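Written out below as structure tokens is the structure these notes cover.
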Amino acid sequence: MSAQLVKLNSILFDSNDTKVLGSNSDVIGADFDVVPNPTILDKLKLHRSHMASFFVRIDTGAVSLTQNGFATSVAPCDLHLDAAGKKEVRVKGPQSPEFVPYTFDSPLLAAEFVGAIHLNQHIHALRNKVCVCACPAHDMVLLEHVTNTVWYADQMWTLALWNHLFPYSNMLELLESAGGLLRHGHAHDAKVIFEDLHDQFFSHAAVNKMGTSDGQKYYRPSQIALFVAKLRALCVHCANYTNFK
């Protein structure tokens with residue numbers, strides 16, 4: 011098991027606990043090439059006049075957009091996403107009056123980008139304790155991220171061929187069941203489902219060493235590793251309510 015995978019799986023712990031997090035110099039994230047405000051030719055890949063790139067850094071919870079040689083950073087919690095098409099994601103930032111469409115190289119990368127942003131948003135909510143409710147049925151942040159995880163798993167089921175890799179898995183049904191349990195206030199039972207799925211898929215997760223065009227080295231989680239991290243965040247979130255059992 012790589013130290014980077016352990017760090018990804020333990021990202022919700024105290025960042026000062028180096029025994030849990032491993033080396034703080036290891037950048038964990040994902041780089042995405044995009045075309046902002048794509049034309050018809052851009053969408054058909056017949057012409058690419060203006061490229062940009064997103065870097066979603068999971069270990070620190072930051073997102074940067076590099077365009078025309080300039081990089082701007084924004085907190086994931088300030089971003090609003092709309093998966094508008096197979097390869098297109100509309101993004102609205104804190105300084106944007108409206109959504110801006112971005113085209114990705116493939117539907118898989120578009121779904122992975124949305125999944126990474128949602129993971130960072132959930133981690134931010136947990137670290138800053140913005141989701142404090144007496145009952146999980148009233149915790150809109152928790153329910154939203156269960157829905158986000160179901161969406162991500164559904165996308166990966168076909169786009170990343172999980173239906174061929176795990177043909178006998180009932181992950182989608184289990185996630186939907188966990189969401190139903192939470193809506194009825196049963197956090198403990200939902201947490202058991204998330205933990206079982208986490209343990210089932212953790213052995214399939216990977217974090218791979220990559221490099222950006224400007225020479226920056228980082229560790230990129232696989233699609234399964236992102237799924238495992240999402241499940242980990244849901245487990246941590248549900249644990250807030252297990253004392254009410």
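Take 11 as the starting number for the sequence shown in this note's numbering and just add one per residue.
C-beta atoms are modelled at their ideal positions from N, C-alpha and C, and glycine is treated no differently.
The structure displayed is predicted, hence computed values, not measured ones.
Boundaries (first-last residue) of the beta strand (DSSP E) holding residue i
i	result
S83	80-84
E98	98-102
T76	72-77
N218	217-221
D164	First-last for D164: 150-169, but that is the alpha helix (DSSP H), not the beta strand (DSSP E).
D92	90-92
A62	62-67
Residues near residue i in its chain [Cβ-Cβ closer than 6 Å; skip 5 each side]
i	result
A93	V99, V124
S33	Bear in mind that a pLDDT of 47 at S33, under 50, signals an unreliable position, so the model cannot answer this.
V84	V73, G103
N173	W167
Q131	P86, C87
N158	H128
R67	G39
P10	Residue 10 is absent from the structure shown; the chain starts at 11 and stops at 255.
Beta-carbon contacts of residue i that lie in its chain and below 7 Å, excluding the five residues immediately before and after
i	result
H90	K102
T76	A62, S63
A170	L118, Q233
K29	For K29, the predicted structure reports a pLDDT of 37, less than 50, and the residue's modelled location is therefore unreliable. The matter cannot be settled from this model.
L191	D199, A200
L152	C141, P146, L192, H247
M181	A163, L207
V202	none
H194	A147
P111	N47, P48, A94, E98, R100
Residue i vs residue j beta-carbon contact at 7 Å
i	j	result
L119	F237	no
V156	G189	yes
L129	A239	yes
V160	L184	no
Y10	D36	Outside the shown range of the chain (11 to 255) lies residue 10, about which nothing can therefore be said.
V44	F114	yes
A235	Q165	no
Backbone secondary structure at residue i - three-state DSSP
i	result
P48	coil
V246	helix
F114	strand
Y228	strand
S179	coil
S35	coil
S187	helix
F109	coil
A120	helix
Start and end residues, alpha helix (DSSP H) containing residue i
i	result
H208	197-212
V140	Segment: none, V140 is in no alpha helix (DSSP H) and carries neither H nor E.
Residue-level contact to chain B via CB, residue i, 7 Å cutoff
i	result
A72	No chain B appears in the structure shown, which is made up of a single protein chain.
Check: residue i C-beta below 6 Å from any heavy atom of the ligand NAD
i	result
G71	Here there are no bound small molecules, and the ligand NAD is not part of this structure.
Close-in-space but distant-in-sequence residues of the same chain around residue i (CB under 8 Å, 5 per side omitted)
i	result
F212	N19, V238
contact_flag[the stretch 242-253, the stretch 131-140] where n(CB pairs < 8 Å) is 3 or more: yes
Three CB pairs or more closer than 8 Å across the stretch 195-208 and the stretch 216-234: no
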